[in-house]
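Q: Let me begin by handing over the structure; questions about it come next.
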Amino acid sequence: MADKQAVKQVDIGKGEDKEKWVKQYSSKHQILLVGEGDFSVSRCLARSFGSGSKIVASSLDSYDVVIKKYKKAKSNLESLKELGASTLYGVDATKMKHHLTLGMQKFDRIIFNFPHAGFYLKEDNNLMIEMHKELVGNFFGNANDTLQASGEIHVTHKTSPPFCHWNILELARRNDDFKIEDYPGYSNKRGEGDRCDQHFPLGECSTFKFRSSHTDKSDSTLKFRSSHTDKSDSALKSKDLGSFRVSQWKYGNVRKSHLIEEFLKQLSE
């Protein structure tokens, strides 16, 4: 029943394959997914489309770590292989423009579901929020280099406190309510720690969408802002991403070391 609700077909002409849609994703799109957990959302898309030939699904973890963490990962990966999808491991979403494979490709949709910098501190801790922001900011800076001119970047994220303080809303051209039932078989995972294979409560979520301003000139300039007030330490610099404008974190090695030192200090308290 869920499959019938989530997937629709569009006849695009005699002798051609029928285009299939899962919400905002088309079987004609070249799709890159980053930060995958057990690869269930990639499998959902590939199965709904009837093919994964245009899907590249990636994880920060190695293959061995993925199948050790998630009990259903191996079967999901086998399904993706059978459907013709590509899978990549050890892909850092903040450095993917330097990846040997991804650096030479362009995608219509780049998807990052529930980005997270790790379970080091409480989610409402200011340092933890800054770490999350740094992850998202660096992801945008890299994603643009692998995006088609008319493509979109989609980030699915919780919209309730303290997650709303990541300020992703300020970046969004548009956002749609995210409903997990629209993606049959998708299972969200914590991803780290002893409970890495367990679900986390979704609550209120949205998929935030970012599109090129040069293809839609009515769009306003989009910016990513810091709630940090120490200008000497967390100054932002704007980087023109062509499709939209995002402020990228001006964190060098000194700032990162500062984050780690602060984190270790809080752990010891």
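With full-length UniProt numbering as the guide, the letters of the sequence shown map in order to residues 1 to 269.
Cβ atoms here follow ideal geometry from the backbone N, Cα and C, with glycine treated the same way.
Following the continuous alpha helix (DSSP H) through Ile168, name the residue where it begins and the one where it ends.
A: Within the sequence shown, numbered from 1, the residue matching residue 168 stands at position 168. Note, Ile168: premise wrong, no alpha helix (DSSP H); not H, not E.
Q: Can you name the start and end residues of the beta strand (DSSP E) that Leu88 belongs to?
A: Here the question's residue 88 lines up with position 88 in the sequence shown. From DSSP, the beta strand (DSSP E) with Leu88 extends over 86-89.
Q: Which term fits His154, buried or exposed, when burial requires 16 or more other beta carbons within 10 angstroms of its beta carbon?
A: Within the sequence shown, residue 154 is the residue found at index 154, counting from 1. Label assigned to His154: buried.
Q: With DSSP run on the structure shown, which of helix, strand or coil describes Phe112?
A: Translated into the one-based positions of the sequence shown, residue 112 becomes position 112. Three-state DSSP puts Phe112 in a strand.
Q: For the alpha helix (DSSP H) containing Gly141, list its first residue and its last residue.
A: Looking up residue 141 in the sequence shown gives position 141. Note, Gly141: alpha helix (DSSP H), 126-143.
Q: Within 10 angstroms of its Cβ, does His132 collect 16 or more other Cβ (buried), or is it exposed?
A: Here residue 132 refers to the residue found at position 132 of the sequence shown. Classification of His132: buried, given that the 10 Å Cβ count is 16 or more.
Q: Indicate the three-state DSSP secondary structure (helix, strand or coil) for Gly35 in the structure shown.
A: As a first step, residue 35 must be located in the sequence shown, where it is residue number 35. Residue state, collapsed to three classes: coil.
Q: Of all the options Ser26, Thr94, Glu130, Ile55, which has the alpha carbon lying nearest to the alpha carbon of Pro162?
A: Position 162 of the sequence shown holds residue 162. When each option's Cα is compared against that of Pro162, the closest is Glu130.
Q: For Ile55, which beta-bridge partners are listed by DSSP?
A: Stepping through the sequence shown from its first residue, residue 55 is reached at position 55. According to DSSP, Ile55 bridges with Ile31.
Q: Apply the 10 Å Cβ neighbour rule to Val48 and answer buried if 16 or more other Cβ atoms are within range, or exposed otherwise.
A: Your numbering for residue 48 matches position 48 in the sequence shown. Inspection of the sequence shows that residue 48 is occupied by Ser rather than by Val. With 16 or more other Cβ atoms within 10 Å, it is buried.
Q: With DSSP run on the structure shown, which of helix, strand or coil describes Ala93?
A: Taking the sequence shown and counting its residues from 1, one reaches residue 93 at position 93. Of the three classes helix, strand and coil, the one that applies to Ala93 here is coil, per DSSP.
Q: Name the two residues that bound the continuous alpha helix (DSSP H) containing Lys106.
A: The residue labelled residue 106 in the question sits at position 106 within the sequence shown. Note, Lys106: premise wrong, no alpha helix (DSSP H); not H, not E.
Q: Excluding the five sequence neighbours on either side, which residues of its own chain have a C-beta within less than 6 Å of the C-beta of Gln30, listed in chain order?
A: To locate residue 30, count along the sequence shown from 1; it is residue 30. Lys54, Phe107, Asp108, listed in sequence order.
Q: Helix, strand or coil for Lys20 per DSSP?
A: Position 20 of the sequence shown, counted from the first residue, corresponds to residue 20. It is a strand residue.
Q: Would you say Ser86 and Val56 are within 8 Å of each other, going by their C-beta atoms?
A: In the sequence shown, residue 86 corresponds to position 86, counting from 1. In the sequence shown, residue 56 corresponds to position 56, counting from 1. The answer is yes: Cβ separation under 8 Å.
Q: Sorted by chain position, which residues of the same chain lie with C-beta nearer than 6 Å to Ser59's C-beta, five sequence neighbours on each side aside?
A: What you label residue 59 is simply residue 59 of the sequence shown in a count that begins at 1. Excluding sequence neighbours, Ser59 sits near Glu36, Val66, Tyr89.
Q: Ends of the alpha helix (DSSP H) at Glu78?
A: The residue labelled residue 78 in the question sits at position 78 within the sequence shown. Per DSSP, Glu78 belongs to the alpha helix (DSSP H) from 73-82.
Q: Give me whichever residues DSSP pairs with Leu147 in a beta bridge.
A: The residue given as residue 147 occupies position 147 in the sequence shown. Its beta-bridge partners are Phe107.
Q: So Thr146 packs on Leu45, CB below 8 Å; how close in whole Å?
A: Counting from one through the sequence shown, the residue named residue 146 turns up at place 146. Counting from one through the sequence shown, the residue named residue 45 turns up at place 45. Thr146 to Leu45, Cβ: 18 Å. No contact.
Q: Which residues in the same chain as Pro115 place their Cβ atom closer than 8 Å to its Cβ, once the five residues preceding and following it in sequence are excluded?
A: The residue you call residue 115 lines up with position 115 of the sequence shown. Cβ neighbours of Pro115 beyond the five flanking positions: Gly35, Ala93, His132, Leu135, Val136, Phe139, Val155, His157.
Q: Taking the alpha carbon of Leu83 as the reference point, which residue from Ala117, Arg43, Ser206, Trp21 has its own alpha carbon closest?
A: Translated into positions along the sequence shown, residue 83 becomes position 83. Ranking Ala117, Arg43, Ser206, Trp21 by Cα distance to Leu83 puts Arg43 first.
Q: In the structure shown, what three-state DSSP assignment does Tyr25 receive?
A: Translated into the one-based positions of the sequence shown, residue 25 becomes position 25. Looking at Tyr25 - three-state DSSP - the assignment turns out to be strand.
Q: Report the rounded CA-to-CA distance for Val41 versus Thr207, giving the unit in angstroms.
A: Taking the sequence shown and counting its residues from 1, one reaches residue 41 at position 41. Taking the sequence shown and counting its residues from 1, one reaches residue 207 at position 207. Approximately 14 Å between the Cα atoms of the pair.
Q: So Ser62 is in the alpha helix (DSSP H); what residue range does that whole segment cover?
A: Taking the first residue of the sequence shown as position 1, residue 62 is located at position 62. Here Ser62 belongs to no alpha helix (DSSP H), and DSSP marks it neither H nor E.
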